[in-house]
């Protein structure tokens, strides 16, 4: 049973527009959330994270929003660039098992020039 | 820069063979992980290790074993490879409780 879900397997966006990638989770004990980006033939790389005590974290063009009551987080990329085309995974962990991360199934983002 | 290297990018093995996947990290991280990535299923944890000679089962350990004799090296062993173990295998390392750094992956095909 997947505790972290990404219900959209793919997303296509025009260059310069906003990309919004969504992630839902079921475990209310999750207290730390991350987004990873993965290019083909490479391993995932860490992108941005957020602690459960916050509802927003920004890093340049990337912003992660956390809605704890809805058990939902989203990654916003503004403006989107063709180089952002990749698979994006969200991940979460709990305070009591802080070494184990639960990953979603990924969303493939295609940014069209 | 953290570097996690995996011994092979592509590997083709026959059913029943014993397969070794090697992973080395150069940042003195305590934790090391093995995942497999399959379409629609994301990254699933096979095993992780939090110290030399220490290991813990992940979500899908059946058919796999691991070895960590040195802090920088973590091996995944398929005792008798089967076709349903055809997958992308990703190794990662991390300091305790922090984000993981991934290797480039090994695409294993079992025929």
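Residue numbers (the numbering used here), protein chains in the order written: chain A, 8 to 120; chain B, 53 to 163.
We put the beta carbon where it would ideally sit given N, CA and C, even for glycine.
Beta strand (DSSP E) segment containing residue 90(B), residue limits: As a position in the second chain, residue 90(B) is number 38, starting the count at 1. Boundaries of the beta strand (DSSP E) around residue 90(B): 83–90.
Beta-carbon contacts of residue 78(B) that lie in its chain and below 6 Å, excluding the five residues immediately before and after: Numbered from its first residue, the second chain carries residue 78(B) at position 26. Cβ within range, chain order: 55.
Chain A residues whose Cβ lies nearer than 7 Å to that of residue 102(B): Start at 1 with the first residue of the second chain, and residue 102(B) comes out as number 50. Listed along the chain, the chain A residues whose CB falls inside 7 Å of the CB of residue 102(B) are 106.
Among 23(A), 97(A), 53(A), nearest to residue 153(B) - alpha-carbon criterion: Here residue 153(B) refers to the residue found at position 101 when the second chain is read from its first residue. Looking only at 23(A), 97(A), 53(A), the smallest Cα-Cα distance to residue 153(B) is reached by 53(A).
Proximity to residue 29(A) [Cα-Cα], best of 35(A), 109(A), 16(A): Taking the first chain and counting its residues from 1, one reaches residue 29(A) at position 22. The alpha carbon of residue 29(A) has as its nearest neighbour, out of 35(A), 109(A), 16(A), the alpha carbon of 16(A).
Beta carbon proximity, residue 72(B) to chain A, threshold 7 Å: Indexing the second chain from 1 puts residue 72(B) at position 20. Not an interface residue.
Neighbouring residues, chain B, relative to residue 112(A) (Cβ below 7 Å): Here residue 112(A) is taken as the residue at index 105 of the first chain, counted from 1. 92, 93, 94, listed in chain order.
Assigned secondary structure, residue 137(B) (DSSP; H/G/I helix, E/B strand, else coil): As a working mapping, residue 137(B) is identified with position 85 in the second chain. DSSP places residue 137(B) within a helical segment (H, G or I) once states are collapsed to three.
7 Å Cβ cutoff, residue 40(A) in contact with chain B: Along the first chain, read from residue 1 onward, the residue named residue 40(A) stands at position 33. So no, residue 40(A) is outside the interface.
Closer than 9 Å at the beta carbon, the chain B residues around residue 50(A): Position 43 of the first chain holds residue 50(A). Residues of chain B passing the Cβ test: 56, 58, 142, 143, 144, 153, 154, 155, 156, 157.
Three-way DSSP call (helix, strand, coil) for residue 90(A) in this model: Start at 1 with the first residue of the first chain, and residue 90(A) comes out as number 83. Residue 90(A) sits in a helix when the DSSP states are folded into three classes.
Nearest-angstrom Cα separation, counted from residue 50(A) out to residue 92(A): Here residue 92(A) refers to the residue found at position 85 of the first chain. Here residue 50(A) refers to the residue found at position 43 of the first chain. In a straight line, the C-alpha of residue 92(A) is about 15 Å away from that of residue 50(A).
Per-residue contacts from residue 96(A) into chain B (C-beta, under 8 Å): On the first chain, position 89 is the one that residue 96(A) refers to. Chain B residues near residue 96(A): 94, 95.
Any beta strand (DSSP E) of 3 or more consecutive residues that is wholly inside the segment 92–135 of chain B: Listed in chain order, the complete beta strand (DSSP E) runs (minimum 3 residues) inside the segment 92–135 of chain B are 94–103, 106–109, 116–122, 125–130.
Cβ contact check for the segment 33–51 of chain A and the segment 99–107 of chain A: 3 or more pairs under 8 Å: Contact check between the segment 33–51 of chain A and the segment 99–107 of chain A: three or more CB pairs, one atom from each, fall below 8 Å, which counts as touching.
DSSP state of residue 159(B) mapped onto helix, strand, coil: Along the second chain, read from residue 1 onward, the residue named residue 159(B) stands at position 107. In the three-state scheme derived from DSSP, where H, G and I count as helix and E and B as strand, residue 159(B) is classed as strand.
For residue 102(B) and residue 82(B), believed in contact at Cβ under 8 Å, the rounded distance: Taking the first residue of the second chain as 1, we reach residue 82(B) at position 30. Taking the first residue of the second chain as 1, we reach residue 102(B) at position 50. Rounded to the nearest angstrom, the Cβ distance from residue 82(B) to residue 102(B) is 6 Å, consistent with a contact under 8 Å.
Which listed residue (136(B), 121(B), 87(B), 155(B)) has its alpha carbon closest to that of residue 97(B): For the purposes of this step, residue 97(B) is taken as residue 45 along the second chain, with counting starting at 1. Of the candidates 136(B), 121(B), 87(B), 155(B), the one whose C-alpha sits nearest the C-alpha of residue 97(B) is 87(B).
Beta-carbon proximity list for residue 113(B), same chain, < 8 Å, skipping 5 on both sides: Here residue 113(B) is taken as the residue at index 61 of the second chain, counted from 1. The residues 98, 99, in chain order, have a CB closer than 8 Å to that of residue 113(B) in the same chain once the five nearest residues on each side in sequence are set aside.
Min CB distance residue 69(A) to chain B below 7 Å: As a first step, residue 69(A) must be located in the first chain, where it is residue number 62. For residue 69(A), the nearest beta carbon of chain B is not closer than 7 Å to its own beta carbon.
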